[in-house]
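As structure tokens, the structure follows; a few thoughts come after it.
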Amino acid sequence: MKKKFDIIGAPFNLLGCHPSTENTVDGLRKLNEQSWIGLTDWIHVRNTRWNRDIQDVGDIDASPEVINLIEQDKKEQALALYCEKLQARIEQTLESGRVPITIGGDHSIGLGTVQAILTHYQKNRNEKVAIVWVDAHADCNDSLASNLHGKPLALLMDRYPHHDWSVETEITLSADDIYYVAVRDLMLNEHQLISSLGITNHSMQEIDERGFSTVLNDLMTKLERDYDRIYLSFDYDALDGATFRACGTPNVGGLTAREAITLVHTLSRSAKFVGADFVEYLPSLDKDGVSKELMIKLIDAAWGLRA
Numbered sequence: 013m014k015k016k017f018d019i020i021g022a023p024f025n026l027l028g029c030h031p032s033t034e035n036t037v038d039g040l041r042k043l044n045e046q047s048w049i050g051l052t053d054w055i056h057v058r059n060t061r062w063n064r065d066i067q068d069v070g071d072i073d074a075s076p077e078v079i080n081l082i083e084q085d086k087k088e089q090a091l092a093l094y095c096e097k098l099q100a101r102i103e104q105t106l107e108s109g110r111v112p113i114t115i116g117g118d119h120s121i122g123l124g125t126v127q128a129i130l131t132h133y134q135k136n137r138n139e140k141v142a143i144v145w146v147d148a149h150a151d152c153n154d155s156l157a158s159n160l161h162g163k164p165l166a167l168l169m170d171r172y173p174h175h176d177w178s179v180e181t182e183i184t185l186s187a188d189d190i191y192y193v194a195v196r197d198l199m200l201n202e203h204q205l206i207s208s209l210g211i212t213n214h215s216m217q218e219i220d221e222r223g224f225s226t227v228l229n230d231l232m233t234k235l236e237r238d239y240d241r242i243y244l245s246f247d248y249d250a251l252d253g254a255t256f257r258a259c260g261t262p263n264v265g266g267l268t269a270r271e272a273i274t275l276v277h278t279l280s281r282s283a284k285f286v287g288a289d290f291v292e293y294l295p296s297l298d299k300d301g302v303s304k305e306l307m308i309k310l311i312d313a314a315w316g317l318r319a
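Everything in the sequence shown is counted per the working numbering, starting at 13 for the first residue and increasing by one.
If you want it as structure tokens, here you go:
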């Protein structure tokens with residue numbers, strides 16, 4: 013049976029190194045001079061010509077209260093409040109039997125997307141969930157230094173001992189269930205945390221040494237054997253920053269476009285795939301529209317399509 017998808021916009025770009033009030037999701041939706049396609053038109057193509065069921069259900073915007081908390085430098089509280097609303101919308105999609113594809117926004121929204129998945133499957137159904145985190149960075153910074161978009165995994169694992177942060181035990185993400193792909197830029201404390209917790213890290217070094225196909229095959233074998241559900245969180249900066257620079261933190265030496273599309277498509281074709289988020293793309297930095305086209309292809313791959 014074909015899966016049905018909801019596109020959920022999460023244009024929350026206030027906790028990264030390039031904060032912006034720009035609606036980055038609309039930048040993907042709309043046609044412009046640089047690109048031959050927009051996500052809205054492409055959804056129409058897939059629904060009418062390919063008999064798919066893909067709905068754009070709109071955006072979760074930051075409320076005035078969220079903005080006010082950020083202005084007061086209560087950023088963890090602001091993020092929790094925003095993600096509470098985002099989580100509720102994703103859970104609504106899951107409860108209706110549809111698959112959520114969330115478009116950010118900076119990677120701090122991963123707090124809301126992953127907690128929605130963990131609530132629905134881990135807490136409510138006692139199912140084992142794998143989180144595949146595709147990113148140039150580890151996003152498990154457990155210190156006060158730097159921005160919250162680099163800390164969602166520390167927050168999700170309840171490994172952030174600051175500002176009274178805590179996570180409900182039943183939706184705490186286990187380090188054993190995290191699978192990094194394409195990581196290549198670590199802070200020292202992140203390196204130490206990954207090592208101490210034994211988090212699986214398919215770094216770019218491993219991909220270079222063993223080959224992309226071998227690493228992907230090994231990953232899928234593990235996920236299909238040991239898990240009930242698979243969720244993908246894809247940061248644009250996982251891509252090779254020598255070519256793809258439409259984000260606040262481009263990083264040279266990452267995935268090629270073809271590797272990224274293959275990765276997303278392979279994960280999405282699993283019967284255990286339950287959703288994805290795509291984050292950190294900034295249309296204002298996409299000067300030639302190439303990154304927009306690639307983002308739409310990645311989202312298309314998450315629908316299980318490639319042709």
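We put the beta carbon where it would ideally sit given N, CA and C, even for glycine.
Starting from residue i, trace the beta strand (DSSP E) in both directions and tell me its first and last residue.
i, result
"Y192", "190-193"
"V286", "285-291"
If you draw a straight line from the C-alpha of residue i to the C-alpha of residue j, how long is it?
i, j, result
"M216", "K309", "22 Å"
"A100", "K86", "22 Å"
"H56", "M199", "42 Å"
"D220", "L297", "28 Å"
"H277", "G109", "20 Å"
"G21", "G223", "34 Å"
"N159", "P173", "15 Å"
"A187", "L279", "20 Å"
"L123", "D154", "14 Å"
"P164", "H203", "15 Å"
"D300", "N138", "46 Å"
"D197", "H119", "15 Å"
"E34", "A74", "12 Å"
"E180", "S47", "44 Å"
"I79", "E88", "12 Å"
"K234", "T255", "31 Å"
"K304", "A319", "18 Å"
"W177", "K284", "31 Å"
"P76", "A90", "10 Å"
"I66", "M169", "32 Å"
"N201", "E271", "29 Å"
Just curious, the alpha helix (DSSP H) that residue i is in, first and last residue?
i, result
"D38", "36-41"
"D238", "224-238"
"H214", "It is not in any alpha helix (DSSP H) - H214 instead sits in the beta strand (DSSP E) that spans 212-214."
"R270", "269-280"
"C95", "87-107"
"G124", "122-129"
"H56", "51-61"
"L165", "164-168"
"L81", "76-83"
One question on the structure: do residue i and residue j come within less than 8 Å of each other, judged by their Cβ atoms?
i, j, result
"I211", "I242", "no"
"L327", "M307", "This structure does not reach residue 327, given that the chain is present from 13 up to 319, and the question cannot be answered."
"D252", "L228", "no"
"T131", "T114", "no"
"Y293", "A250", "no"
"G117", "T36", "yes"
"A150", "I206", "yes"
"R58", "L244", "no"
"V69", "D147", "no"
"D71", "P23", "yes"
"V193", "V144", "yes"
"R64", "K14", "yes"
"I49", "Q127", "no"
"L167", "I82", "no"
"D240", "Y133", "yes"
"E236", "S282", "yes"
Kindly identify the DSSP beta-bridge partner or partners of residue i.
i, result
"S186", "DSSP output for S186 lists no bridge partner at all."
"I19", "D68, I113"
"L7", "Nothing about residue 7 can be reported from this structure: the residues present for the chain run from 13 to 319 only."
"R241", "V141"
"V302", "Note: V302 sits in no beta bridge, so no partner."
"L251", "L267"
"N44", "S47"
"S32", "N25"
"V146", "V193, F246"
Contact check, residue i vs residue j under 8 Å by CB: the rounded distance?
i, j, result
"T6", "C95", "For the chain, the structure presents residues 13 to 319; residue 6 sits outside this window and is missing."
"D121", "L98", "Residue identity differs from the one stated: residue 121 is Ile in this sequence, not Asp. With 8 Å as the limit, I121 and L98 qualify as a contact, their Cβ atoms being about 6 Å apart."
"G287", "V111", "5 Å"
"D247", "V291", "5 Å"
"L51", "I311", "7 Å"
How about residue i: is its Cβ closer than 7 Å to a heavy atom in the ligand SAM?
i, result
"K97", "This structure lacks the ligand SAM, and indeed carries no ligand of any kind."
Cβ of residue i less than 8 Å from any chain D Cβ?
i, result
"L168", "The structure shown contains no chain D; it holds only a single protein chain."
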